[in-house]
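J.: In my numbering, the protein residues as written are 13 to 173.
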């Protein structure tokens with residue numbers, strides 16, 4: 013119970029700081045009469061989330077060739093405007109940039125979610141003893157922002173996820 017209050021208070025403080033910084037921003041003006049206020053407000057929220065709420069960004073090469081097009085293609089496949097679950101598989105030989113693309117996509121969309129997690133080296137981690145349960149525990153811990161859940165085996169992890 014105390015942990016939930018602490019997490020809620022942390023979230024409130026982050027939003028308070030974000031709104032305070034947003035109040036000092038200039039440049040958000042509804043100029044287009046045809047644009048709905050709802051869409052305008054959603055755009056402001058997205059900008060604030062991107063720049064102020066300190067979402068953890070993963071390290072990606074600074075100027076990778078062709079990355080923007082790959083990220084846009086993946087985001088189109090994910091179709092984040094829809095309210096259902098999406099999954100996109102990325103495969104290929106080692107060293108061609110699958111993880112780099114996944115990290116860049118993560119960086120471009122993490123701010124749109126209340127909870128987020130990037131699990132790296134899943135194959136290597138899952139094959140070690142207790143590795144899959146450990147991955148599940150990490151996923152839950154990251155998405156729930158620090159709330160520790162006991163994951164003693166894979167089946168219990170699946171049930172909690």
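Cβ coordinates follow ideal geometry from the N, Cα and C atoms, glycine included.
The structure displayed is predicted, hence computed values, not measured ones.
Considering Cα atoms alone, identify which of 154, 76, 146, 155 is closest to residue 168.
T.: The shortest Cα separation from residue 168 among 154, 76, 146, 155 belongs to 146.
J.: Determine the burial state of residue 116: buried for a count of at least 16 other Cβ atoms within 10 Å of its Cβ, exposed for fewer.
T.: Its Cβ being crowded by 16 or more others within 10 Å, residue 116 is buried.
J.: May I ask you to verify whether the segment 44 to 59 touches the segment 72 to 88, counting CB pairs closer than 8 Å and requiring at least 3?
T.: No: fewer than three Cβ pairs fall under 8 Å.
J.: Quick check on residue 161: buried or exposed, where buried means 16 or more other Cβ atoms within 10 Å of its Cβ?
T.: Classification of residue 161: exposed, given that the 10 Å Cβ count is below 16.
J.: From 111, 86, 134, 164, pick the residue whose C-alpha is nearest to that of residue 99; which is it?
T.: That would be 86, whose Cα lies nearest to the Cα of residue 99.
J.: Note down the Cα distance separating residue 148 from residue 107, rounded to an integer number of angstroms.
T.: Rounded to whole angstroms, residue 148 to residue 107 spans 26 Å at the Cα level.
J.: Comparing alpha-carbon positions, which option in 133, 22, 154 lies nearest residue 125?
T.: Looking at the Cα atoms, 154 is the closest of the given residues.
J.: Output needed for residue 113: all residues of its chain with C-beta closer than 6 Å, excluding positions within five of it in sequence on either side, in chain order.
T.: Once the five neighbours on either side are set aside, the close Cβ partners of residue 113 are 82.
J.: What would DSSP say about residue 41, mapped onto helix, strand or coil?
T.: Residue 41: coil per DSSP, three-state reduction.
J.: Which stretch, first to last residue, makes up the alpha helix (DSSP H) that contains residue 167?
T.: First-last of the alpha helix (DSSP H) with residue 167: 166 to 172.
J.: Using 10 angstroms around the beta-carbon of residue 89, count the other beta-carbons present and answer buried if the total reaches 16, otherwise exposed.
T.: Exposed: under 16 other Cβ atoms inside 10 Å.
J.: Can you give me the start and stop residues for the alpha helix (DSSP H) that residue 135 sits inside?
T.: Where residue 135 is concerned, the enclosing alpha helix (DSSP H) stretches over 134 to 139.
J.: Is DSSP giving residue 55 helix, strand or coil here?
T.: Reduced to three states, the DSSP call for residue 55 is helix.
J.: Going along the chain, which residues of its own chain have a beta-carbon closer than 7 Å to the beta-carbon of residue 165, five neighbours each way excluded?
T.: Around residue 165: 145.
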